[in-house]
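Inspection log for the structure reproduced underneath, given as structure tokens.
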Amino acid sequence: MLIFEQSRLGRNPKHQVGAVEGANYEIPEEFLRKQPAGLPDVSELQAVRHYTLLSQKNFSIDTHFYPLGSCTMKYNPRACNTLANLPGITSRHPFTPPDMGQGFMACMYDLQNMLREVTGMSAISLAPAAGAQGEFAGVAMIRAYHDANNDTERCEILVPDAAHGTNPASAVMCGYKVKEIPTNSEGDVDLDALKSVVGPQTAGIMLTNPSTLGVFERQIEEIARVVHEAGGLLYYDGANLNAILGKVRPGDMGFDVIHLNLHKTFSTPHGGGGPGAGPVGVSERLKPYLPIPMVAYDGDDYSWVTEKELPTTIGRLSAFMGNASILMRAYIYAKMLGNDGMARIAEFSTLNANYLMTRLDEAGFEMAFKNRRATHEFIVTLKQVAKTMGVNTMDFAKRMLDYGVHAPTTYFPLLIAECLLIEPTETETRETLDDFVEVLKKILKEAEHTPDLVTQAPHTLPVKRLDDVRAVRQLDVAWKEGEES
Amino acid sequence: MLIFEQSRLGRNPKHQVGAVEGANYEIPEEFLRKQPAGLPDVSELQAVRHYTLLSQKNFSIDTHFYPLGSCTMKYNPRACNTLANLPGITSRHPFTPPDMGQGFMACMYDLQNMLREVTGMSAISLAPAAGAQGEFAGVAMIRAYHDANNDTERCEILVPDAAHGTNPASAVMCGYKVKEIPTNSEGDVDLDALKSVVGPQTAGIMLTNPSTLGVFERQIEEIARVVHEAGGLLYYDGANLNAILGKVRPGDMGFDVIHLNLHKTFSTPHGGGGPGAGPVGVSERLKPYLPIPMVAYDGDDYSWVTEKELPTTIGRLSAFMGNASILMRAYIYAKMLGNDGMARIAEFSTLNANYLMTRLDEAGFEMAFKNRRATHEFIVTLKQVAKTMGVNTMDFAKRMLDYGVHAPTTYFPLLIAECLLIEPTETETRETLDDFVEVLKKILKEAEHTPDLVTQAPHTLPVKRLDDVRAVRQLDVAWKEGEES
Amino acid sequence: MPFIPHTTDDIEHMLKTIGVADINALFDEIPESLRCPPLDIAAGLSEQEIVRLMHERANEDGQTLNFAGAGAYEHHIPAAIWEVTTRGEFYSAYTPYQAEASQGTLQLLYEFQTMMTRLTGMDVSNASLYDGASALAEAVLMSVRANRKSKSKVILMPTSLHPHYRAVVKTIVTQQGITMQDIDYDPATGTTDLDKLMAHAGEDIAAVVIPQPNFFGGIEPVNEMVNWAHENKALAIAVVNPMSLGVLNAPGDWGQTGADIVCGEGQPLGIPLASGGAYLGFLCCQQSYVRQMPGRIIGKTVDLDGKPGYTLTLQAREQHIRRSKATSNICTNQGLMVTAATIYMSIMGDAGVNSAATQSYQNTHQLVASMTDIPGVERVFDSPFFHEAVIKLPSSAARYLRSMGAHNILAGISLEQWYPELKDCVLVCATETKNQADLEKYMSHMGRLFDAPLACQLRPSF
Amino acid sequence: MPFIPHTTDDIEHMLKTIGVADINALFDEIPESLRCPPLDIAAGLSEQEIVRLMHERANEDGQTLNFAGAGAYEHHIPAAIWEVTTRGEFYSAYTPYQAEASQGTLQLLYEFQTMMTRLTGMDVSNASLYDGASALAEAVLMSVRANRKSKSKVILMPTSLHPHYRAVVKTIVTQQGITMQDIDYDPATGTTDLDKLMAHAGEDIAAVVIPQPNFFGGIEPVNEMVNWAHENKALAIAVVNPMSLGVLNAPGDWGQTGADIVCGEGQPLGIPLASGGAYLGFLCCQQSYVRQMPGRIIGKTVDLDGKPGYTLTLQAREQHIRRSKATSNICTNQGLMVTAATIYMSIMGDAGVNSAATQSYQNTHQLVASMTDIPGVERVFDSPFFHEAVIKLPSSAARYLRSMGAHNILAGISLEQWYPELKDCVLVCATETKNQADLEKYMSHMGRLFDAPLACQLRPSF
Ligand SMILES: Cc1ncc(COP(=O)(O)O)c(C=O)c1O
Ligand SMILES: Cc1ncc(COP(=O)(O)O)c(C=O)c1O
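Next comes the structure, spelled out in structure tokens:
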């Protein structure tokens, strides 16, 4: 039942802020609202009960194993939430002058420095609100750099075919054309193909390393050389930085500009879709173009870096400071980890992934890159299963839900047929991984013997398999009074 | 699975307070622990996931209609919890001297005054930790009063047969014998029976009004006269005060001493069993005996009332201030209600109960006191159903769980056979009550046509009907390593 | 090891299963030359230590009595909202890709979309963008795609719009060859100078941006602006404060046919100030433009048994399907903030939102009346205003704000940094969270600063 | 109407169904003469108003640097505990009478019982009593019922036990003819004078109460005391701080055969100070006494399918079944606090509890060493101590505490109110929450008060 169906006119007690008597506006009638909007009229208990019950219909990290590849669903420490909600932190207005308290700015400055160190870049801006906005900012900086050099013929961004969809989309938002680079059979970039397209029209290349194929791009130095020699810049999509934290740094690999997904590597909550935080880092030559605001420190005081201090900035990306409360959570998490803790993320996420890959391999599943080391994630392809048993990856994924496991990422990256991208993360136990192997083995048996059980899954969730096609064809994106639900 | 079964030695990261190196105690070996206790060794994520999933196995006010008679399961406003957890409130040590901050004491003083006003008593002590401890304190004050008057022959406390079990148990803890008074067919105390047992041995009588039968004791003035004339005192069990808040006050009915269940009338959370708070109130003549501590105010400062200020006190009931954080929640709730809000509790809890009683009566259910007004609760008896269909009240109750409704109180009060004590509370909507009627009608039909469905219920919960007898016969109250769960 | 559950036994067993000697061996595909030395970052803090540190930092920033607005508003936030929003099942879930395992989030988002369409008077809402400013940038991009009648990529943008919104739009859309044409405000009213707007009549314009209320708190002539836009084949993009919609007309009802696209900042709906984020951008539009909409959209459908359920829909617009041809690059959005805003709107209802909006209106009007009783202090613009106003002081605004700040009062925002012509001017806002004592405190400190003993008195409320 | 969902339509419809004219008619069985006038209580506050009020009150009490213990200890509380404990399903559930609909709470309570038996070395634990002091009172009552060899109802009670615990026991048990016999502490050691205990040899004694550590923080000769009790046919009741059991011996291992009953205050296990409550009393015992146990007990059983489940058991001991013959009158207990304590013990584990206990030990020892470097400041007792100690000052303790309080330091607790012989003495405690800077701050203020410039330096940690 929808909250609207529980609504009855005149129920709401206006208890929260009290009622106002006979409001009298000095605003001409024509600008005033004609009739109430039709927000729900429910009691506080009804709202609490409704949303509490709704929440129980979700899978989440706090309730389920959630090995969603590329998304890094690991434990979100509760301390980060509790502390980010301290009254002094939540009540601070974004335009509070620095001389009325430096606590927030000190945290942000520390965070900039920590991120600079773990990425090996020269400077960090925390402004972007998520990975995709970081990508936009990064590519915009590439453009600003070339423009500043009067190098205005560069109109192409190279993107491997394994890249996340945001990469090409961001490049286009910056006015670039996108050229796809194929991947070779080992999961590395096809170097010949790269060499054949790189040239004076190349503004840069966007790479994830480890790539979304769950392997480390071994020729990264060569790629950097090729692109740099052609006058292009290297963009690092940091969605997978957790795999190499404290082991190898994008700055040292030759990247000129990067973004980080703090909601992945630094474990801020995904919140059913966000918010995230996508700080960008740059090498020395791109520093003049960083997005604002940033925090500076002169040894005594923290202050804001705005267009006044950085006139060549690509500008602002949001009205204030990106997702400040998420940055705060990342800061708290980073402080708890410290140097060793960061390296351990890479170590144990990699250990878990390789262990799980080995176990699934032994269990007869087909690995997309059997001869490669897994990074923090790896790919299983169900091509053969789909062909021989008529049970595809989506069916497999849905059936996992019945076993209380959130499905891994399906059908991404696009170049691997019938794939599952599996990222267990470092916060899961060996027992959980072992259980997961058993679940996959069971489903494989079911696919063989009782395929309907799998193709009709899930059977135990609040709803059975949903009709996505109908959702598009009979578009219903807002409830109308009287409609049944 | 139990948390212990997820435990693996050496997993716990000691991250919360850090590790200590080479502890060296100046305490002789014989006093030191010989081996670790065997607390769970789990990661923070494991603990969070385990207890989050466990919580989902509960019915609660935030998720279900919970018409548990006498227990007053109504909405616990979230603001009370949020505000009672402000850092300045949770971090205050109980021995903080009054000159280091008066905020907490001001709240408690206000609360004492508000409770005094709603009960019509002369003074309030917030000390008792729950209703039962309030009863103990109240009866102890009765004893102290008689003792002070050298009236030491009084050895009996009268208790109606409808009383809650805590009443006789509390009287016994105070060294009294208990004499039961029968109830007449209309639900009132049998006055003749009362008169026949009251006498010089009577220390007092304990009454709930409205009684646990869901009716208002109409002869209360007469009862007060009879008991007072015999030299006894009247104790008021305030578990049902919510029914008459702002309408009639125990002090005005002639009671000498009362307790309040703040976790009922003032909506503090029940927390799966507690904590509660059971303040006591007294008439003028019992003031010298109130339990300590209390808060006094001299117009400038708040101070503590201890044995120094009140040497005739019955004493302390807990090491500090009873359930202070629960008192704080009640205070916040009371402040939000104000005078009108309090009266509305009585009005709407009574409206809901009478409406539900009428609807169930119309639906063919048998009311225990059909000719009486319901108060905030009322009793249905399933005597006939049990006899004709072989489906008893417990079966009925268990089947309700399948329909997502917590069962009303069953088999209490003891004197009504096969009873359901139903208390909808004022925070539930008319729609919820109507749905409840439909559920009961459905179960009645099932009892007739498919009785097994009812006697084997519940069918949809985490476990099926549990074997209570085995729980006693094969007592297992602590898990032992190796035992399966 | 913080947050890592592996015992020594586990590690040994797992390495053996994999067939490597130690964890380091798992990184053997990384060229040795690239491996970095130990990070120059301090050792980790225990939770107990970070608790102390954060309490200190939070106390340092303290609790200011806040009369600043300018795009971020301190409203009362019912306690229930965040107690429910931070439940693990909402807090720690991902984007609802597996619809059957995400019905909680999906139904909530569908309810949010419904509420936003009702509040704005539009047909369709998405499930959030980053913030109000970036939502406007997306609205501008969308209008260029959607307005098939225009080839120009020219957007008319009033200077009465939040300067940071204008800056963000510039950052984001100019990369695609879109040009913004400023429309100055009328120095008398502080609202868009209609003559300046109308001077563009007959030009090829993709869209007109219409803020309501505008950055100065003023009520814009939105009906005329929408009508003018449509007469000139431009789309009308409304930028609104959702709280104000408890009192002000829904953009769907502006002018003859209503705005085409509505966007804005959802922060006033139950989201704390928190130094500027995380907030939530919303974007609504008329049905015909839905396929140009950026961001996630949730649709209702049915399951195999015909039972209703909710799922991501129209994904073919999005980057994960359409890649370089997507309507936007947005992926992660502001889900948790949407959760809070949805619960906020449920608990407040129409009546609650109206009351908060009206009290904000009243408090600001009372404050402005009292302030302008002080000789030399005056309102700069004469148009009606909602819950913010521009006040000219007899002397430096920066000095004034510093002096008030010394008493822990954030007394407003200096406007000179964005509008040199508004020297010595502050933008003030008093929401429903301010009581009479707060307003009196403001006035008594202000009165003292300007030697205006009489003005110390707060004007009686009206 | 706050918290009441009825619309005017609802009310009308419901009254009509019932067949009365108005709500007031529903109270027609109450004699008119008894009806009260409107309550003399202020009008209700909106949530926004109560938020302001409570923030003001909370800020007034401020955040003190706390070196007080005496039965209530400031320990680090992992954030996860209360975020999970206050989930609606735990927070707003009742006592688990309907077991099938309460498996969450029931399994948790069973786990709590298991943890407590492991911590104390007992066989059985109940599911909580009100607090440590009332738990001791119940333990005393229980011992009188359980000790079939004794008729006397005499309890030996050391004066080194918390004075408020002694007061509470007196309030509760003397009504049933039980007498408490004080056993004085040895003025040199501050622990029970064994000679004074042994002077009671051969008497009919129901139980001996044995605190560990005692009120002064001192380590009692528990092994000898338990042995003596058992030799004299008395039961041994241990009163322990559960946090100390991370370091100190489990009562089940005291002496030859261990204590019979163990009780104490569970507050150190994740429960905030909060002015003294709500805390949690625990009570454990050896198997043979389980039927004399007061309070709820959860047992494991199976369901109709043979699947394990949890339920209230041995209810025949309790007031709702046994009424006047129950083992206690307790009904509502401290369920929510048990939830917190259980999650605390899970997150901390043995290692975490040991670390918190050890750091508390170390910090207090360091502080005491530094304090007693000041001339005229000395330890009163010479026995080993856990995380509290009695310090004698050169002058008035009250004045000292007031002076330190002026710097927002709660420097300890004056003992004279309970022990006139301990004039000018304070009881101090420094838990793991205190860092070196805190200890230095304490010492620098104390040093200044006693003109002891050198002593301002904190002794290096050992
Ligand atoms: C590889 C990769 N790149 C980029 C992104 C986009 O980041 P965001 O969702 O934070 O915008 C993601 C995640 O969604 C990703 O997995
Ligand atoms: C009528 C009645 N009296 C007394 C009590 C005992 O109160 P408490 O559970 O707070 O000890 C209760 C509730 O449990 C009750 O319903």
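Residue numbers (this note's numbering), protein chains in the order written: chain L, 1 to 485; chain P, 1001 to 1485; chain C, 2001 to 2462; chain Z, 3001 to 3462.
Ideal Cβ placement from N, Cα and C applies to all residues, glycine included.
Since this is a predicted model, take the numbers as computed values, not measurements.
Delimiting residues of the alpha helix (DSSP H) encompassing residue i
i: Leu2280/C; result: Taken as a continuous stretch (DSSP letters only), Leu2280/C belongs to no alpha helix (DSSP H), as it is neither H nor E.
i: Leu3108/Z; result: Gln3103 to Thr3120
i: Gly2264/C; result: No alpha helix (DSSP H) contains Gly2264/C, which is instead part of the beta strand (DSSP E) from Ile2261 to Glu2265.
i: Ile3011/Z; result: Thr3008 to Ile3018
i: Trp1304/P; result: Where Trp1304/P is concerned, there is no enclosing alpha helix (DSSP H), although the beta strand (DSSP E) it sits in stretches over Tyr1302 to Val1305.
Cβ-heavy atom distance, residue i to ligand 1, below 7 Å
i: Gly2019/C; result: no
i: Gly232/L; result: no
i: Asp237/L; result: yes
i: Asn261/L; result: yes
i: Cys2331/C; result: yes
Per DSSP, cross-strand counterpart(s) of residue i
i: Arg329/L; result: The partner list for Arg329/L (beta bridge, DSSP) is empty, contrary to what the question assumes.
i: Met2385/C; result: The sequence given here has Phe at residue 2385/C, not Met. Paired residue(s): Gly2218/C.
i: Gln3212/Z; result: Val3240/Z
i: Lys3392/Z; result: Glu3378/Z and Cys3425/Z
i: Thr3125/Z; result: Sequence check: residue 3125/Z is Ser here, not Thr. Per DSSP, Cys3284/Z.
i: Pro1160/P; result: Ile1181/P
i: Val42/L; result: Val42/L is not bridged to any residue.
beta-carbon residue i near ligand 2 non-hydrogen atom, thresh 7 Å
i: His1270/P; result: no
i: Ala1127/P; result: no
i: Gly3281/Z; result: no
i: Gly3277/Z; result: no
i: His1164/P; result: yes
Endpoints, the beta strand (DSSP E) within which residue i is located
i: Asp1237/P; result: Leu1233 to Gly1238
i: Phe1378/P; result: Phe1378 to Thr1381
Near ligand 3: residue i beta-carbon under 7 Å from a heavy atom
i: Ser1070/P; result: With respect to small molecules bound, the structure shown includes ligand 1 and ligand 2 and not ligand 3.
Point to revise | Near-chain L residues of the region 2425–2456 of chain C (beta-carbon distance less than 8 Å), N- to C-terminal order | key: Under the 8 Å Cβ criterion, the region 2425–2456 of chain C contributes Glu2432.
Review point. Of the residues that make up the region 75–98 of chain L, which ones have a beta carbon closer than 9 Å to any beta carbon in chain Z?
Key: Under the 9 Å Cβ criterion, the region 75–98 of chain L contributes Pro77, Arg78, Ala79, Cys80, Asn81, Thr82, Leu83 and Pro87.
Review point. The region 211–225 of chain L: which residues have C-beta closer than 9 Å to a C-beta of chain P, in chain order?
Key: Answer set for the region 211–225 of chain L: empty.
Review point. Can you list, in chain order, the residues of the region 1045–1063 of chain P whose Cβ is nearer than 9 Å to any Cβ on chain C?
Key: Taking 9 Å as the Cβ-Cβ cut-off against chain C, the residues of the region 1045–1063 of chain P that qualify are Leu1045, Gln1046, Val1048, Arg1049, Thr1052, Gln1056 and Asp1062.
Review point. Using a Cβ cut-off of 7 Å, which residues of the region 1003–1023 of chain P contact any Cβ in chain C, in chain order?
Key: If the cut-off is 7 Å between Cβ atoms, the region 1003–1023 of chain P has Arg1008, Leu1009, Gly1010, Arg1011, Pro1013, His1015, Gln1016, Val1017 and Gly1018 near chain C.
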